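Numbering (full-length UniProt numbering), first residue to last: 1 to 465.
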Amino acid sequence: MAVNKFDLNIEKILEDWEVYHAVREVIANAIDEELLTGTKKIEIFKDGAKCWHIRDYGRGLSYQHLTQKENDEKLSDPRVIGKFGIGLKDALATFNRKGVDISIKSRHGDIALGQAEKHGFKDVVTLHACISPPSDSKFQGSEFILKGCSDNDIAKAKDLFLCFSGEKILEATQYGQVLEKKSVPGRIYVNGVQVAEEENFLFSYNITALNKNIQKALNRERTNVGRTAYASRVQNILTACEREKVAHELVKDLAKYDSGEHHDELGWSDVSIHACKLLNSRSKVVFFTSGEAMSAPNLVDHAKNDNYNVVIIPQKIRDKLRGIQDISGNPIRDMEQFSRDWNDSFKFSFVSEKQLNAGEKDIFRQTEQILNLVGDRPKFIKDVLISATMRLDPHSHRETIGLWDASKGRIIIKRDQLKTLQSYAGVLLHEVAHATSGATDVTDAFEHELTQYLGQVVEKAIKSD
């Protein structure tokens, strides 16, 4: 039986490669063939002689596939892992160097490895593929048989592939997939094969749309690809996400930003902002900075009581969210927006005099006497009402204790101010000053009016003595 020898022409041996790197290339080749031909899943198994088999059901390997050149078919298909014959040749050289016997079976021929003189150079011995006629001319696909390959090397090689990793796809985008990280570190896959690890990533990622940076970085080894090569694609993947799950996890991690315990993806402002916009559109949330939550605890309580999730974000993201819309065109529900919405939907809980307790009634019935201290009740103040609840102050975002409602000619005072005559009288005169001056807080007109009232009250108090 004739045996043809084909010089593999391997000029440079990859000394850093271990057996599992070579197994990876064989598995990648099998997966690519499965994708290109639409045939059934590849098989990886160990036989009774403790040899490992890697089998695909494609068109079958021939010696032409071992030429060191780009594969046009694979170059034109974005799904596949390998683009060159280089990886497979490197795998064969590594198996030979590490003492793993390999044979390949296909309908095109049976292939083994051997040393032979280089053509034209009798003193140079190189690695050759020894091709024999096929033992089964109807054999479907290709089968690599590895003798002397450990179970650990097979396991390590399989672990480099997304399809064997057990990592769950959380969301798929046009650029790639966000994966639920199975363990630390996170992993970066390109078309399903691992090319890097990230110690401080929140997720793992499978990049399926390669840009020039990634293509350039995918060297022969396909290991330890630097972050600069794939960072922009990871950002593309995250900012293309549209589901609540990914956004929720990102924003939850964003709450750790001020403490420095956040994952690296949240250091990209575009990612943080997109996550907030997405979450704002998909769920009931209100965004606060830690400082805002501390300064307006009642507003936080209102949000929680209305079944909103309170999300803490860093100030730099808060500043960038101000005034923008979410992905559905709605305003971002930050503290200020929630306060406005809450006031717009607010309804007073008025308390009639009959509903007041005895102490409250005694104080409330002195309303006219208090007004007489500043020259009787102005005619345009039609009512003085008591409410159990009040609107939020637009500046402090806390419940006001008093309000002048010019449109209806009424002063509304919060019920808890009836605990003492001093607090009730102070709020009442404060609101009368708003009514008579027509001015808001911290204006010269209001301050002047309030000063006048203080003088009148003191004058009457002294005269009454």
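Cβ atoms here follow ideal geometry from the backbone N, Cα and C, with glycine treated the same way. The structure displayed is predicted, hence computed values, not measured ones.
Can you tell me whether DSSP reads W52 as helix, strand or coil? strand
Test item: CB-CB of L8 and A129 under 8 Å: yes
Grab me the residues of A303's own chain with a C-beta within less than 7 Å of its C-beta, minus the 5 sequence neighbours each way, in chain order. V286, V310 and F338
Taking L278 and E249 to be in contact with their CB atoms under 8 Å, please state how far apart those CB atoms are, rounded to whole angstroms. Their Cβ separation, rounded to whole angstroms, is 11 Å, which puts L278 and E249 out of contact at 8 Å.
Going by DSSP, name the residue or residues bridged to W404. I411
Range of the contiguous beta strand (DSSP E) that encloses Y205: S204 to I207
What ranges does the beta strand (DSSP E) occupy inside the UniProt domain "MPN635 N-terminal" (153–243), keeping only unbroken runs of at least 3 residues that lie completely in it? 168–172, 176–180, 186–190, 193–198 and 204–207
From the DSSP output, read off the bridge partner residues of L371. None; L371 has no bridge partner.
Taking Q115 as the reference, which of R340, F6 and Q177 has the closest Cα? F6
According to DSSP, simplified to helix, strand and coil, what is K41? coil
Pull up the CB-CB distance for T173 and C241, whole angstroms please, since I reckon it's below 8 Å. 6 Å
When you compare the CB positions of W404 and A435, do they come within less than 8 Å of one another, or not? yes
Distance between beta carbons of L429 and V384, contact taken as under 8 Å: Incorrect: roughly 11 Å between the Cβ atoms, too far for contact.
Considering only the beta carbon of each residue, do K89 and V19 sit closer than 8 Å? no
Would G176 pass as a contact of T208 if the rule is Cβ separation under 8 Å? yes
Between K245 and R333, what straight-line distance do the alpha-carbon atoms span, to the nearest angstrom? 19 Å
Beta strand (DSSP E) containing K5: first to last residue? N4 to D7
Rounded separation between K460 and D441 - CA only: 25 Å
Let me check you understand the geometry: is the CB of I324 closer than 7 Å to at least one non-hydrogen atom of the ligand FAD? The ligand FAD is not among the ligands present in this structure, which contains no ligands whatsoever.
Should the stretch 158–169 be regarded as contacting the stretch 130–145, the criterion being three or more beta carbon pairs within less than 8 Å? no
So is F45 buried or exposed if we call it buried at 16+ other beta carbons inside 10 Å? exposed
Can you name, in chain order, every residue of its own chain whose Cβ lies under 7 Å from the Cβ of D258, other than the five neighbours on each side? S290 and P314
Proximity of I317 and L254 at Cβ, strictly below 8 Å: yes
Give a yes or no on whether the C-beta atoms belonging to E171 and E180 are separated by under 8 Å. no
Could you check whether A112 and S106 sit closer than 8 Å to each other, using their CB atoms as the reference points? no
What is the DSSP secondary structure of N330, reduced to helix, strand or coil? coil
Enclosing alpha helix (DSSP H) for S396 [first to last residue]: First-last for S396: undefined, no H or E at that position.
Considering only C-alpha positions, which residue in the set D416, D47 and G58 is nearest to C149? D47
Per DSSP, the bridge partner or partners of D383: R410
C-alpha gap between V427 and D344, whole angstroms: 23 Å
Taking only beta-carbon atoms, is G323 less than 8 Å away from chain B? Among the chains in the structure shown there is no chain B, since it carries only a single protein chain.
So, at 8 Å on beta carbons, what are the nonlocal neighbours of Q325 in its own chain, with the 5 sequence-adjacent residues on each side left out? K277, P331 and I332
Buried or exposed for E33, going by 16 or more other Cβ atoms inside 10 Å? buried
Going by DSSP, what residue range makes up the beta strand (DSSP E) through V285? V285 to F288
Note down the Cα distance separating Y63 from N4, rounded to an integer number of angstroms. 10 Å
Is the beta carbon of E431 less than 8 Å from the beta carbon of G455? no
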